[in-house]
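Asks: Sharing a structure, written as structure tokens. Questions coming.
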Amino acid sequence: MDVSPSSSFLGAFRSLSKRYRRQGATDAATKLEAVVERASDENLGDPSAVLVRFGGLVLTFLEQGQWNAAVDVGTIVVDARRALLGPNDPLTMIAIHNLVSAYYGQGRWAEAIDLGRQVTEARRKVLGEDHPQTMASMSNLATAYRKQGHWRQAESLELRLLEIKTRRLGEDHQSTLTSMGNLATTYSHMGRYDEAETLEKRVIERSARVLGDHHGSTLTWKSNLATTYREQGRLEEAEKLESEVMDIRIENLGVQHPLTLTSMANLASMYRDLGRLDDAEHLETQVVETSKVELGEKHPQTLMSMINLASTYRCQGRLEEAARLGVQAVAAMKSLLGDQNPLTLTAMADLALTYQSQGHTDGAEVLTAQVLRLMQKNLGSLHPHTLTTMANLGAIYQSQGRWDEAEKLAEQTVRGREKVLGETHPDTQASMEDLVRVCRVLAADRTTAMRVRNAHH
């Protein structure tokens, strides 16, 4: 007797729900069982109708930030759609698009890019570039590019999307605002903070007018603007804005939601920058614990929360704990994301600072020099994070008494920061003071050397 297509993938869903029960993932298991039951009752030999129900379940998991369940169910739906309808059918493409969203939620960006390219190309061919589904795929792909640090590709896709959406939907449409906000985020990652700020403010103003002040999208753009303020050194403004966003998210989404965790992590980093170390530690500990449970121990967001907590430990002088946590997070990031990813580079740079604080100057120098090379290659020589790493390497040279090399790096850092951040930015001011200090030491050395020479004449 032939097994009907529906019963074969219903079997796959049944064994998945059993696995969830065994693992204690009760919520996902209950939701899945309910759909399996309904699908079994209604199974009139039309597998496509059954798959619509499971496709709906994938969307539910996505909305609730249950990425692992979305990937598990989404993968079965994609395989079944491909088998029944072929790879280019619009329904198959919807299933693939949703699976890309789930990969993105899990932080599996390389896979999100790979599948995202496939579905974007297929939709361009079949539906045309202006079709809403094609634009949704382009947007997902741009986000995955951005997360992997492929900012040029992200920017060109986002500019194209913004142009199409403005023409077709108008400037105030929610979808247009999303593209404008995404482009601003890309600019921020590229270190183009002034352009990011201008766009973010425009998006917030329109989003608040069209969608409301407490709408999820408006809150996302406000959180992004707060991050831009932080990068610009405007810490009080950043803290005030992120604090407001976090309170609303806790109220609307609960403490466990990935977006709430992002706000808590951002706010904690601002507390650290402001010297409020106990507040930072309290929030970051909560974020690490919750992220491990909700997102998994190996999720990029969980690993970044560990790096943030390690930074705070370092600032508190708890160097052993900082190093232990940093080493663990860096190793996991390298295996998950590779050592070229911007998040991995941030984590490595942070660990190097901990080594330096511990007095492991040689280890700090090797790691910082490696990170600087990778950042120059992947982010560009003038990216603010590259310049910060350059300043850190200069500080290591100073502690080793390598003043000539320190002077070269200090000059480069000042020039770069003046150009990118402007003369009044706190980082630029700090590197100017640094350069003055190095020059004083070198001048004193030269004076001493001249005196010694003159004494011998």
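Residue numbers for the sequence shown follow this note's numbering, beginning at 108 and rising by one.
Glycine residues also receive a C-beta, built at the ideal position from the N, C-alpha and C atoms.
Excluding sequence positions up to five away, which residues of its chain have a Cβ less than 7 Å from the Cβ of residue 340?
Replies: Same-chain partners within the cutoff: 532, 533 and 534.
Asks: Could you check whether residue 180 and residue 164 sit closer than 8 Å to each other, using their CB atoms as the reference points?
Replies: A contact, by the Cβ cut-off of 8 Å.
Asks: Out of 418, 552, 443 and 493, state which residue places its alpha-carbon closest to the alpha-carbon of residue 464.
Replies: The shortest Cα separation from residue 464 among 418, 552, 443 and 493 belongs to 418.
Asks: If you follow the alpha helix (DSSP H) that residue 404 is part of, which residue opens it and which one closes it?
Replies: Careful: residue 404 lies outside any alpha helix (DSSP H) and carries neither H nor E.
Asks: Let me check understanding here. Comparing Cα to Cα, which of 209, 196, 211 and 539 lies closest to residue 232?
Replies: Residue 232 has its Cα closest to that of 196, out of 209, 196, 211 and 539.
Asks: For residue 337, count the other beta carbons within 10 Å of its own beta carbon; 16 or more makes it buried, fewer makes it exposed. Which is it?
Replies: Buried, by the Cβ-count rule.
Asks: I think residue 372 touches residue 415, with their Cβ atoms under 8 Å apart; what is that distance to the nearest whole Å?
Replies: Sure, about 6 Å apart at Cβ, within 8 Å.
Asks: At 4 residues or longer, what runs of the alpha helix (DSSP H) sit wholly inside the region 197-256?
Replies: Correct list: 197-213, 216-234 and 239-254.
Asks: Does DSSP put residue 194 in a helix, a strand or coil?
Replies: Coil.
Asks: Rounded to whole angstroms, how far is the Cβ of residue 169 from the Cβ of residue 122, which I believe are closer than 8 Å?
Replies: Wrong, their Cβ atoms sit about 22 Å apart, outside the cutoff.
Asks: Taking the C-alpha atoms as reference points, what is the distance between residue 483 and residue 476?
Replies: Straight-line Cα distance between these residues: approximately 11 Å.
Asks: What residue ranges within the region 463-489 form continuous alpha helix (DSSP H) runs of no fewer than 4 residues, ordered along the chain?
Replies: Those alpha helix (DSSP H) runs which fall completely within the region 463-489 and span 4+ residues are 468-485.
Asks: Around the C-beta of residue 303, are 16 or more other C-beta atoms found within 10 angstroms, so that it is buried, or is it exposed?
Replies: Its Cβ being crowded by 16 or more others within 10 Å, residue 303 is buried.
Asks: So, using beta-carbon positions, are residue 281 and residue 306 closer together than 8 Å?
Replies: Contact: no.
Asks: Note down, in chain order, each residue of its chain lying with its Cβ closer than 7 Å to the Cβ of residue 326, except the 5 sequence neighbours on either side.
Replies: Only 352, 355 and 356 meet the Cβ criterion.
Asks: For the pair the region 549-556 and the region 519-530, tell me if three or more CB-CB distances fall below 8 Å.
Replies: The answer is no - the region 519-530 does not touch the region 549-556, with fewer than three Cβ pairs under 8 Å.
Asks: With DSSP collapsed to three states, give me the class of residue 492.
Replies: Looking at residue 492 - three-state DSSP - the assignment turns out to be helix.
Asks: Looking at C-alpha atoms only, which residue of 335, 312, 284 and 272 is the closest neighbour of residue 297?
Replies: For the residues 335, 312, 284 and 272, the minimum Cα distance to residue 297 belongs to 335.
Asks: Report the option in 275, 226 and 174 whose CA atom is closest to the CA atom of residue 198.
Replies: Considering only alpha carbons, the answer is 226.
Asks: Our contact map puts residue 394 next to residue 368 with C-beta atoms below 8 Å; I'd like the distance itself, whole angstroms only.
Replies: Between residue 368 and residue 394 the Cβ distance is about 5 Å, and since that is below 8 Å, they are a contact.
Asks: Between the alpha carbons of residue 537 and residue 248, how many angstroms are there, rounded?
Replies: Distance between the alpha carbons of residue 537 and residue 248 is about 38 Å.
Asks: Going along the chain, which residues of its own chain have a beta-carbon closer than 6 Å to the beta-carbon of residue 125, five neighbours each way excluded?
Replies: Hits under 6 Å: none found.
Asks: Label residue 388 either buried or exposed according to how many other C-beta atoms from any shown protein chain fall within 10 Å of its C-beta, with 16 as the threshold for buried.
Replies: Answer is buried; the Cβ neighbour count reaches 16.
Asks: For residue 456, name the three-state secondary structure that DSSP assigns.
Replies: Of the three classes helix, strand and coil, the one that applies to residue 456 here is helix, per DSSP.
Asks: Checking 8 Å against the spacing of the C-beta atoms, do residue 461 and residue 426 come in under that value?
Replies: Yes, they are a contact pair.
Asks: So for residue 299, helix, strand or coil by DSSP?
Replies: Reduced to three states, the DSSP call for residue 299 is coil.
Asks: Check residue 280 in the structure and name its three-state DSSP category.
Replies: It is coil, neither helix nor strand.
Asks: If you draw a straight line from the alpha carbon of residue 166 to that of residue 175, how long is it in whole angstroms?
Replies: So the alpha carbons of these two residues sit roughly 13 Å apart.
Asks: Taking the continuous alpha helix (DSSP H) assigned at residue 148, which residues delimit it?
Replies: Looking at the DSSP string, the run of the alpha helix (DSSP H) that includes residue 148 is 133-149.
Asks: At the level of alpha carbons, what is the spacing between residue 55 and residue 219?
Replies: The requested residue 55 is not part of the displayed model; the chain covers only 108 to 564.
Asks: Which of the three DSSP states is assigned to residue 550 in this structure?
Replies: Three-state DSSP puts residue 550 in a helix.
Asks: Measuring only the C-alpha atoms, how far is residue 146 from residue 137?
Replies: When rounded, the distance between both Cα atoms is 14 Å.
Asks: I'd like to know whether the C-beta atoms of residue 200 and residue 156 end up nearer to each other than 8 Å.
Replies: Cβ distance not < 8 Å, so residue 200 and residue 156 don't count as in contact.
Asks: Give the straight-line distance between the Cα atoms of residue 366 and residue 548, rounded to the nearest whole angstrom.
Replies: Between residue 366 and residue 548, the C-alpha separation is close to 48 Å.
Asks: For my contact list, residue 405 and residue 438 are in at a C-beta cut-off of 8 Å; report their separation, rounded to the angstrom.
Replies: Wrong, their Cβ atoms sit about 11 Å apart, outside the cutoff.
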